[in-house]
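Structure, as structure tokens:
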Amino acid sequence: MSCTHLRDAGDPAPRTPDGCEECLQLGDAWVELRLCRSCGHVGCCDSSKNQHATRHFQQTRHPVIRSFEPGQRWSWCYVDQEMAQAQEGASGEGAQP
Numbered sequence: 001m002s003c004t005h006l007r008d009a010g011d012p013a014p015r016t017p018d019g020c021e022e023c024l025q026l027g028d029a030w031v032e033l034r035l036c037r038s039c040g041h042v043g044c045c046d047s048s049k050n051q052h053a054t055r056h057f058q059q060t061r062h063p064v065i066r067s068f069e070p071g072q073r074w075s076w077c078y079v080d081q082e083m084a085q086a087q088e089g090a091s092g093e094g095a096q097p
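So that you can map any letter, position 60 of the sequence shown is 60 in the UniProt record's numbering, and since no number is skipped, the others follow by simple counting.
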């Protein structure tokens, strides 16, 4: 893995385990959830209309998210555009948050 952000990412507790922090406040829906590995912010994915996980990165520059969906064990670095599969420890390119 060439991305040091992925290698050094933390595993904070989710701030809003019930859903996207901003969508819950707005009463809006999401497609899938992403967890910021710097601060625990839970945001909606880029397939959701609000794209709060990516907006969180743009505002905070926290580089790494992970899927917050059951059965999905991957992380994504926005800075290096690199993905890592937790169960395999492998990385790959081309995935989208």
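We put the CB at the ideal spot given by N, CA and C, even for glycine.
Pick from the options that is closest to residue i, judged by C-alpha positions
i     : options                       : result
Pro17 : Thr4, Cys36 and Thr60         : Cys36
His56 : Gln85, Glu21 and Glu82        : Glu21
Val31 : Val42, His41, Ser48 and Gly40 : Ser48
Met65 : Tyr78, Gln59 and Gln58        : Per the sequence presented here, residue 65 reads as Ile, with Met not at that position. It is Tyr78 whose Cα lies nearest to the Cα of Ile65.
Start-to-end residues for the beta strand (DSSP E) that takes in residue i
i     : result
Gln85 : Glu82 to Gln85
Cys23 : Where Cys23 is concerned, there is no enclosing beta strand (DSSP E), although the alpha helix (DSSP H) it sits in stretches over Glu21 to Leu26.
Check whether residue i and residue j have beta carbons under 7 Å apart
i     : j     : result
Leu33 : Phe68 : yes
Gly43 : Arg15 : no
Gln85 : Trp74 : yes
Classification of residue i by the beta-carbon crowding that lies within 10 angstroms, buried from 16 upward
i     : result
Pro12 : exposed
Ser91 : In this prediction, Ser91 has a pLDDT of 38, which is less than 50 and means its spatial position is unreliable; nothing more can be read from the coordinates.
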